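In the numbering used here, the protein residues as written are 2 to 270. By construction, the Cβ of each residue, glycine as well, lies at the ideal position given by its N, Cα and C atoms. Just so it is clear, the structure is predicted and the values come from calculations on it, not from any experiment. Report on the structure given below.
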């Protein structure tokens with residue numbers, strides 16, 4: 002692990018479905034565990050980087066026989082086709098953008114689609130399993146991207162949401178065009194997003210903000226309610242929903258100094 006563990010921020014975590022192969026995206030780079038998180042080692046060792054490569058996001062391809070893994074970093078996207086053993090760098094442009102978030106198509110095995118959000122250059126799309134990337138920002142009026150979310154039914158509804166410095170945008174045509182989402186809190190950075198695993202049926206999504214707490218919509222982003230004003234203060238850095246959210250209504254929030262759990266869809270914590 003990094004020698005400076007006190008300031009080596011963990012930005013994202015991801016594990017394979019069986020929990021055996023795990024990754025932690027950190028300020029000092031990417032770390033990997035092959036024993037369910039009990040021990041960790043530096044995943045970029047084969048790259049021989051001379052300087053630390055801050056890594057902000059990590060996604061694992063679902064149901065992929067070649068075990069594709071993608072890491073968003075300051076300067077581009079790294080991809081592995083052997084479960085994280087070796088890596089290649091995919092450049093997104095010049096100058097290299099700072100990748101802030103990554104999402105992968107639930108149908109990746111068939112369509113090979115990924116999206117990367119960047120801190121100053123908007124959203125990039127890839128349709129060839131991580132090799133070539135193109136900026137897709139038509140209608141995206143704010144290019145400072147903090148978070149991305151993709152519909153679990155993306156193959157049919159082509160829906161994406163992006164959280165930016167001034168609020169939130171939505172695409173319903175696979176990222177080709179974006180429209181602003183009207184949040185009742187005005188212009189506010191949206192740091193985290195989460196869609197219900199059954200979004201196609203229930204239309205539920207959450208947006209975590211920098212200073213206005215947690216927002217929830219049950220109609221695909223048309224109307225919103227604010228939740229947890231009594232306990233949520235400061236930035237909402239992460240939102241995780243139970244894969245069986247439709248039945249358990251369980252959610253987890255990551256704040257600056259603590260985690261909060263809800264068992265009723267976010268109404269109490």
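- Going by DSSP, residue 12 is part of the beta strand (DSSP E) stretching over 11-16.
- Cα atoms of residue 207 and residue 170: separation of roughly 13 Å, rounded to the nearest angstrom.
- Per DSSP, residue 82 is not a residue of any alpha helix (DSSP H), being assigned neither H nor E.
- Annotation: residue 108 to residue 137 spans about 20 Å, alpha carbon to alpha carbon.
- When secondary structure is reduced to three states using DSSP, residue 111 falls in the helix class.
- Residue 224 is positioned such that its CB atom lies closer than 8 Å to that of residue 218.
- DSSP places residue 202 inside the alpha helix (DSSP H), whose first and last residues are 200-203.
- The closest CA to that of residue 124, considering only 174, 247, 141, 193, is found on 141.
- The beta-carbon separation of residue 191 and residue 222, rounded to 11 Å, does not stay under the 8 Å limit for a contact.
- In this structure, DSSP gives residue 46 a helical state, which the three-state scheme calls helix.
- Setting aside the 5 residues that flank it on each side, residue 237 is surrounded in the same chain by 192, 193, 209, 210, 214, 215, 254, 256, each with a C-beta closer than 7 Å to its C-beta; the list follows chain order.
- When C-alpha distances from residue 78 are compared across 55, 202, 67, the shortest belongs to 55.
- For residue 170, the uninterrupted beta strand (DSSP E) run begins and ends at 168-172, by DSSP.
- With contact defined as three or more Cβ pairs closer than 8 Å, the segment 114-124 and the segment 44-52 are not in contact.
- Cβ neighbours of residue 85 within its own chain (closer than 6 Å, five residues either side excluded): 33, 44, 70.
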